[in-house]
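Trainee:
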Amino acid sequence: MLTRKQHELLMFIHERIKETGVSPSFDEMKEALDLASKSGIHRLITALEERGFIRRLAHRARALEVVKLPEQATAARGRQPFRPDVIEGGGRPFAAEPANDTRELSVMGKIAAGTPIAAIEHEQARYPVPEAMLGAGEHYMLEIEGDSMIEAGILNGDLVIIKSSDTATSGDIVVALVEGEEATLKRLRKKGGSIALEPANRNYETRIFGPDQVEVQGKLIGLIRRYH
């Protein structure tokens, strides 16, 4: 069963592509659903992927396929045969099928290991990663910008592998969305009713937030470093 917002987004995307042949932009989706930021759209798209209503097409940046519509929407259309629509979109990646024991993951831009920067917005590239590093679940990659996690071995310019998750255990290194607008990579500590985002660099201070100010978007599971 979809939430009201998930259903609204799915039908908005489907109807727009049917009417114009062009998918709505993230700004248009944000306006249509009256959301404060694009991060909310990313979360809704991920939820629709997980429930099998849409999927991301491998090797085609920002391309989604509508797999099915909700039962009530299909019934309202008189049980007409459904032909999937291909639309452009953005959001967290749908993992490519394994090939030669590797999987192509989406690189979703840069994330701060320092002062938070703008939240993740859309796929910028794809990168092959050994299957042995991944396991089950959805994954994506980010490029590190900053030095606040150097004592955890995470350096400026590294590519980190993130497993999509909205929960984390105290001590995990996570992608944290701060107050719905800014994303950062930090070690999460739960302290009573508060959440601490802890750097791994003595030159930076730990930041403390209320539980409603921080949203976990994924957990660090690996790292790839390129030497120039």
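Per my numbering, the sequence shown starts with residue 78, numbered consecutively.
Just so you know, even glycine gets a beta-carbon here, dropped at the ideal spot from N, CA and C.
Bear in mind the structure is a predicted one, so any value in this text is a computation, not a measurement.
1. When the distance is taken between beta carbons, is V255 closer than 8 Å to Q290?
2. Starting from Y217, follow its DSSP beta bridges and name the residues at the other end.
3. Express the C-alpha separation of K107 and K82 in angstroms, rounding to a whole number.
4. Determine, using beta carbons only, whether L300 and I188 come nearer to each other than 8 Å.
5. If we count the other Cβ atoms within 10 Å of its Cβ and call it buried at 16 or more, is G223 buried or exposed?
6. Out of P288, S225, E275, which has the shortest C-alpha to C-alpha gap to G269?
7. Can you give the Cα-Cα distance for E215 and G295, rounded to whole angstroms?
8. Can you tell me whether DSSP reads L294 as helix, strand or coil?
9. In whole angstroms, what is the alpha-carbon distance linking M218 and E208?
10. Look up G299 in the DSSP assignment and say whether it is helix, strand or coil.
11. DSSP state of I188, grouped into three classes?
12. Have a look at R303 and L146 and give me their C-alpha separation to the nearest angstrom.
Mentor: The structure says:
1. yes
2. I239
3. 11 Å
4. no
5. buried
6. P288
7. 10 Å
8. Sequence check: residue 294 is Gln here, not Leu. Three-state DSSP puts Q294 in a strand.
9. 14 Å
10. strand
11. strand
12. 42 Å
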